[in-house]
Every structure is written in structure tokens, then in C-alpha cells.
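Undergrad: My structure is below; once you've seen it, I'll send some questions.
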Amino acid sequence: GKVEQKNDELMAPLLNKINEAISKIAQQEGFTVILDLSENVFYASSELDLTDLVIDELNLEYGPQTLPTGELKKYIVILPFREENTEAANADLGERCQDELYKVVSIFSKFKFISKIDVKSEIIKRHIGVNINDSQARL
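In this note's numbering, the protein residues as written are 531 to 669.
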């Protein structure tokens, strides 16, 4: 009826902006297909959810489009995992988990990553990881 027609009329400009934002992100990130999870998608990994990227893109019209001078860039550091037993240490699980996290998180191109080598050198330089008790290791 008239209510649905008015709703469609009012929502059209917003839906157009959303579709434009999705198209822009798809081009930037190299996606060939983007699915609407509300439309009969039986499973999708949460890693593939673009909602936050679309919202960020839509919010650009309300804020500065370039980083103001002096604003901090976003960096991610992934610390090594503590290997609690000999079996984990022999399998090098801590480093393998760290490697997998780097692979997964690196999908998001808007972040800069601090390399594993830099992380290890900082840990050594600051004497972090020496004589850590269980409560410190499980923060």
C-alpha cells in the first residue's frame, strides 16, 4: 500500500549510497561477488563480512576524507603465543598461531602491520617474556 510505497521512496537515496559504497569497496579490495547475508546465504565466514567497511565508507561524507596532520596511523602487532608445554613448544605452536593470525588479519588492507622480526626484537630489547608467571601470560 501507500506505507510501503512511501518507505521505498524514503529509503531509495540511502540504498543507492549503500550500493555505491559496496561497489567502491569491491573494486578496491578486488572482490568479484558480494552477497547480502539476509538473502538465503547458508554460511559465510565472519572474516568476509564487509559491514564495517561499508559503514566507514558511508561515514566519509560526514567527516574529513583525509587524515588530519598529526593523527595516528593504525598499526597492528600480533604477539607470539606462550607455549605451555613441551609438546606445544616442539610443534612450535606459538609461532604457527602467530603466522596464521598475520595471514588472516592481513586481509584488511587499511591496517599497517609491525613485522614479526620487529616484534621479537622489541620483546628482547625490553626484556618482556623473561620470567613471566601464569597470571601475566594470560592477560
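The beta carbon of each residue, even a glycine, is placed where N, CA and C say it ideally should be.
Source: prediction; values computed, not measured.
Exposed or buried, Ala542, counting other C-beta atoms within 10 Å across all chains shown (16 or more means buried)?
TA: The residue you call residue 542 lines up with position 12 of the sequence shown. So Ala542 counts as exposed.
Undergrad: How close, in whole Å, do the beta carbons of Leu580 and Ile608 come, if the pair is a contact with beta carbons under 8 Å?
TA: The residue you call residue 580 lines up with position 50 of the sequence shown. The residue you call residue 608 lines up with position 78 of the sequence shown. Incorrect: roughly 22 Å between the Cβ atoms, too far for contact.
Undergrad: Can you name the residues that DSSP bridges to Phe643?
TA: Your numbering for residue 643 matches position 113 in the sequence shown. Beta-bridge pairing links Phe643 to Ile606.
Undergrad: Identify which residue in Lys646, Leu588 and Ile606 has its Cα closest to the Cα of Ser553.
TA: Looking up residue 553 in the sequence shown gives position 23. With distances taken between Cα atoms, Ser553 lies closest to Leu588.
Undergrad: Just to confirm the assignment, what range does the alpha helix (DSSP H) spanning Glu550 have?
TA: Here residue 550 refers to the residue found at position 20 of the sequence shown. Lys532 to Glu559 is the span of the alpha helix (DSSP H), which, as asked, contains Glu550.
Undergrad: Report, in whole angstroms, the separation of the C-beta atoms of Ala619 and Glu625, which I expect to be a contact under 8 Å.
TA: Working through the sequence shown from its first residue, we reach residue 619 at position 89. Working through the sequence shown from its first residue, we reach residue 625 at position 95. Contact doesn't hold; Cβ gap of about 10 Å is too wide.
Undergrad: Enumerate in chain order the residues of its own chain whose CB-to-CB distance from Tyr605 is below 8 Å, with the five nearest sequence positions on each side excluded.
TA: Taking the sequence shown and counting its residues from 1, the one referred to as residue 605 is at position 75. Here the set comprises Phe641, Lys642, Phe643 and Ile644.
Undergrad: Starting from the C-beta of Val584, find all residues in its chain whose C-beta is less than 8 Å away, skip the five residues before and the five after it, and write them out in chain order.
TA: As a working mapping, residue 584 is identified with position 54 in the sequence shown. Cβ within range, chain order: Ile548, Ala551, Ile552 and Ile555.
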